[in-house]
Amino acid sequence: MRGYPTGLRSSLLLVRLLLFGGLAIFVLLPLAAQQTDINRYTVYTGFDTMISPARSLTEYGFDVDFGVTVKPWMGLGGDFGAFGNSIIHGSGTINGSETVFAPVFNKFAGLGVPGVPPANAVNVPFKSTTYVFAVGPQFYWRKWKSVTFLGRPGFGGIHETADLTLPPGLGTLLPALGIPVPNPHQTDLTWFIGLGGGADFNVSRRVGVRVTVDWVNTHLFTNLLTNRQNYVRFTIGPTWRWGQLK
């Protein structure tokens, strides 16, 4: 992959790792399945927190997913999450060093131009709302009746809106440097890859409490941000199950 750009090489490597991990789960989990009284359908609703350390972003919201168990060790389903300022709360900060404008700021700051800070000294706060949707397999490890462990690859879509608050003076400095002033209301839709897992703590055959952690990798706002973003999602909530796997 030497001829590919750095960002594309990283994405291809992540895809390969996800495929390898999924294949390993596919091969090994049938050997580990121990539970025999297994429900056919599962609905989960829960509280969802998503963070992105690079942008100091924290968003709160809710998650819903529906699954159909096709094997004791595997299910298929879909997931939808909504979190951020329009749901409960969501805010963060963009550092200038992460933006496409960083070379210009650093150039003029290095020349000692008065009033031009280095890129890493520029911080733009924002409020945001994010929606994610995904479909795919979920793998189960049913060794104990009281708890069911689960793992899943992540692939889907992510939509985010961000309302920027430009610091005083930045709106006039940018045109002076030959940089167009960004639209304070940004919106983007793109794809993501990731990996996640967790556990269902089984209160009864039909009811459980689910705790999950997911890693999400994507590249939103390519017109402003140079690097791909990593997110971590934490969810907790009840699961309802019915039907019988035959």
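Throughout, the working numbering is defined as the position within the sequence shown, counted from one, plus 5.
By construction, the Cβ of each residue, glycine as well, lies at the ideal position given by its N, Cα and C atoms.
Does the separation of the CB atoms of residue i and residue j fall below 9 Å?
{"i": "His-5", "j": "Val-137", "result": "What is shown of the chain runs 6 to 251, which leaves residue 5 out entirely."}
{"i": "Asp-70", "j": "Gly-83", "result": "yes"}
{"i": "Gly-141", "j": "Gly-159", "result": "yes"}
{"i": "Thr-47", "j": "Trp-245", "result": "yes"}
{"i": "Phe-52", "j": "Ile-99", "result": "no"}
{"i": "Leu-1", "j": "Thr-177", "result": "No answer is possible for residue 1: the residues shown for the chain start at 6 and end at 251."}
{"i": "Thr-247", "j": "Asn-44", "result": "Note that residue 247 corresponds to Trp in the displayed sequence, not to Thr. Contact flag set, yes."}
{"i": "Phe-144", "j": "Met-79", "result": "yes"}
{"i": "Gly-183", "j": "Val-109", "result": "yes"}
{"i": "Phe-88", "j": "Leu-179", "result": "no"}
{"i": "Gly-101", "j": "Val-118", "result": "no"}
{"i": "Thr-223", "j": "Tyr-236", "result": "yes"}
{"i": "Gly-86", "j": "Arg-238", "result": "yes"}
{"i": "Pro-243", "j": "Arg-147", "result": "no"}
{"i": "Leu-81", "j": "Val-129", "result": "no"}
{"i": "Ala-114", "j": "Ala-124", "result": "yes"}
Residue i lies in the beta strand (DSSP E); which residues open and close that run?
{"i": "Gly-115", "result": "Note, Gly-115: premise wrong, no beta strand (DSSP E); alpha helix (DSSP H) at 107-115."}
{"i": "Thr-192", "result": "190-207"}
{"i": "Ser-133", "result": "128-146"}
{"i": "Ile-241", "result": "234-247"}
{"i": "Thr-166", "result": "152-169"}
{"i": "Trp-220", "result": "212-223"}
Ignore the nearest five residues each way along the sequence and tell me which others in residue i's own chain have a CB closer than 6 Å to its CB.
{"i": "Ser-91", "result": "Thr-134"}
{"i": "Thr-192", "result": "Thr-166"}
{"i": "Ser-57", "result": "Gln-234, Tyr-236"}
{"i": "Leu-250", "result": "Ile-43, Arg-45, Thr-74"}
{"i": "Tyr-49", "result": "Asp-70, Arg-215, Thr-244"}
Terminal residues of the continuous alpha helix (DSSP H) containing residue i?
{"i": "Gly-176", "result": "175-181"}
Who are the Cβ neighbours of residue i in its own chain at under 8 Å, not counting the five residues just before and after it?
{"i": "Glu-103", "result": "Ala-59, Arg-60, Leu-230, Thr-231, Asn-232"}
{"i": "Ser-151", "result": "Phe-206, Asn-207"}
{"i": "Gly-266", "result": "Residue 266 is absent from the structure shown; the chain starts at 6 and stops at 251."}
Whose C-beta lies closer than 7 Å to the C-beta of residue i among residues of the same chain, with five residues either side of it excluded?
{"i": "Val-216", "result": "Gly-203, Ala-204, Ile-241"}
{"i": "Pro-187", "result": "Leu-169, Leu-229"}
{"i": "Gly-66", "result": "Asp-53, Gly-86, Ala-87, Phe-88, Gly-89, Ile-92, Ile-93"}
Problem - the segment 57-68 touching the segment 91-102, judged by at least three CB pairs closer than 8 Å - result: yes
Exercise for the section: Would you be able to state if there are at least three C-beta pairs under 8 Å between the segment 171-181 and the segment 192-206? Expected result: no
Exercise for the section: May I have a chain-ordered list of the alpha helix (DSSP H) segments no shorter than 4 residues that lie completely inside the segment 38-124? Expected result: Restricted to the segment 38-124, the alpha helix (DSSP H) segments that are unbroken, complete and at least 4 residues in length are 107-115, listed in chain order.
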